[in-house]
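First residue of the sequence shown? That's 1 in the UniProt record's numbering, and the numbers climb one at a time after it.
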Amino acid sequence: MFIYRGAWEWSPLQEALEEKLKNPLAVAQLLERVRALLGRDRSLQDTPSARAAQLGPQTLVNLFNSPLYSDVIFMVQGSVLPAHRAVLVARCDVMAAMFSGKYAEARSRVVPIHGVSPDAFLSFLEYLYTDSCCPASVLQAMAVLVCAEMYQVKRLQHLCEVCVCAYLQSMPSRELASTGISVVRLLRRAKCHNAEQLYIWLLHFIANNYLIFSHKPDFMELSEEERDTVERLRWPSRGYLQELNEYQQKRRKLRRTRCCVM
Numbered sequence: 001m002f003i004y005r006g007a008w009e010w011s012p013l014q015e016a017l018e019e020k021l022k023n024p025l026a027v028a029q030l031l032e033r034v035r036a037l038l039g040r041d042r043s044l045q046d047t048p049s050a051r052a053a054q055l056g057p058q059t060l061v062n063l064f065n066s067p068l069y070s071d072v073i074f075m076v077q078g079s080v081l082p083a084h085r086a087v088l089v090a091r092c093d094v095m096a097a098m099f100s101g102k103y104a105e106a107r108s109r110v111v112p113i114h115g116v117s118p119d120a121f122l123s124f125l126e127y128l129y130t131d132s133c134c135p136a137s138v139l140q141a142m143a144v145l146v147c148a149e150m151y152q153v154k155r156l157q158h159l160c161e162v163c164v165c166a167y168l169q170s171m172p173s174r175e176l177a178s179t180g181i182s183v184v185r186l187l188r189r190a191k192c193h194n195a196e197q198l199y200i201w202l203l204h205f206i207a208n209n210y211l212i213f214s215h216k217p218d219f220m221e222l223s224e225e226e227r228d229t230v231e232r233l234r235w236p237s238r239g240y241l242q243e244l245n246e247y248q249q250k251r252r253k254l255r256r257t258r259c260c261v262m
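Now the structure itself:
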C-alpha cells in the first residue's frame with residue numbers, strides 16, 4: 001500500500017496494536033524491544049544499511065527516460081523517448097484514456113507525438129515521473145505549458161506559468177528592452193492555451209513596463225480591449241509623467257533665474 005500510495009493506512013495498524021496490548025505477555029515483549037532499541041549504540045544509525053533502510057524503496061526517477069522495463073516508445077520529431085504505461089496511466093488521465101481505450105496507441109508499442117518539441121515532451125515526461133519540472137528558459141516553459149494543456153495536467157500547467165513569471169521578473173530593464181522574446185506573443189499563447197492566470201499577469205507586466213513595451217512593434221498586436229487595460233494600468237501613468245515634466249520645467253526655470261542673478 002505504501003509503494004502505491006506513499007502513505008500508511010494507520011487505522012488497521014492501530015487496531016492491531018490495541019488488540020496486542022490486551023495481552024500482558026505481548027506488552028512485556030514490546031517493552032523489552034523498546035528498551036533494547038533505545039539502548040542500542042547510536043553509531044549504528046550511520047551505517048550504510050541503516051541509511052538504506054531510511055531511504056526506503058527506489059523512486060520512479062530511476063525509470064525516467066530509461067529503457068528498463070519500458071513498454072512504450074514515443075517518437076517525437078525523430079527522437080526516441082522510452083516510457084512505462086503504468087506510470088503514464090496513473091499520472092495522466094488523457095494518457096489513461098489513450099492507452100486503455102479503443103485508440104491505436106493502446107495496441108502499439110511505438111507512439112508518434114506531434115505538435116511539441118522533443119525537449120518539451122521530455123520535460124513533460126519528467127514531471128510525470130518526478131512530480132517536478134525545471135524548464136531552462138521562458139520559451140521552454142511555454143512549450144511545456146502547451147504540452148501540459150494538451151494532456152490536461154493542470155498542476156504542471158500552473159508550474160510552467162510560475163516559471164514564465166519568474167524568468168521575466170528576473171530580467172533587468174535593459175535585457176527586457178533588447179530581448180528577442182515577444183511578451184505580447186507569450187500573452188497570445190497564454191490566452192490560446194487557457195493559462196488565464198499567466199494571461200492576466202502578462203497584461204500587468206506589460207503595463208508596469210509600459211515605456212519598454214509600448215515602443216516595440218508587437219505592441220500593436222494587442223487587441224483594443226487589451227490596450228485599454230494596459231493604458232489604464234500603465235506605469236508611469238500619464239498623470240505622473242505630466243507632473244514630472246512640470247517639475248523639471250520649474251527646476252530649469254529656477255536654475256536660469258539663479259544664473260541671471262549671479
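All residues carry an ideal CB built from backbone N, CA and C; glycine is no exception.
None of the values given here were measured: they were computed from a predicted structure.
If only complete runs of 4 or more residues are kept, the region 136–183 shows the alpha helix (DSSP H) at 138–150, 154–170, 173–178, in order along the chain. Collapsing the DSSP output to three states places P112 in a strand. Nearest to P112 by C-alpha distance, out of L139, G78, A96, is G78. Taking P82 as the centre and dropping the five residues before and after it, the same chain places the C-beta of N65, S66, P67, S70, I73 closer than 7 Å to its C-beta, in chain order.
Contact between V164 and L187 is ruled out by a C-beta separation of about 11 Å, above the 8 Å threshold. Burial check for C160: the Cβ neighbour count within 10 Å reaches 16 or more, so the residue is buried. Within the same chain, no Cβ atom closer than 8 Å to the Cβ of A28 is found once the five residues on either side in sequence are excluded. The way I'd put it, the region 144–162 does touch the region 93–100; three or more beta-carbon pairs between them come closer than 8 Å.
Cβ atoms of F124 and V144 come within 8 Å of each other, at about 6 Å.
Excluding its 5 nearest sequence neighbours in each direction, N208 has C-beta neighbours in its own chain below 7 Å: W235, listed in chain order.
Positions of the alpha helix (DSSP H) runs, each at least 4 residues long and wholly inside the region 233–258, cannot be given because no such run exists.
The beta carbons of Y129 and L156 sit about 12 Å from each other, so the pair does not count as a contact at 8 Å. Taking 8 Å as the cut-off, the beta carbon of D218 is found closer than this to the beta carbon of S182.
Membership of M95 in the alpha helix (DSSP H) is indicated by the continuous run 93–100.
Between F205 and L244, the gap from beta carbon to beta carbon reaches 8 Å or more. Closest in alpha carbon position to C192, among M142, E231, A177, is M142. Nearest Cα to K216 within the set K253, A190, S178: S178. Linking E226 to C134 through their CA atoms gives a straight-line distance of about 30 Å.
V80 places its beta carbon 8 Å or farther from that of V116. Where S79 is concerned, the enclosing beta strand (DSSP E) starts and stops at 79–83. Shown here, F74 sits in a strand according to DSSP, grouped into three states. Distances from the CA of V162 to each of V184, E175, P118, Y199 were compared; the closest alpha carbon is that of Y199. Here V87 is actually not in contact with S100; their C-beta atoms are around 14 Å apart, not less than 8 Å.
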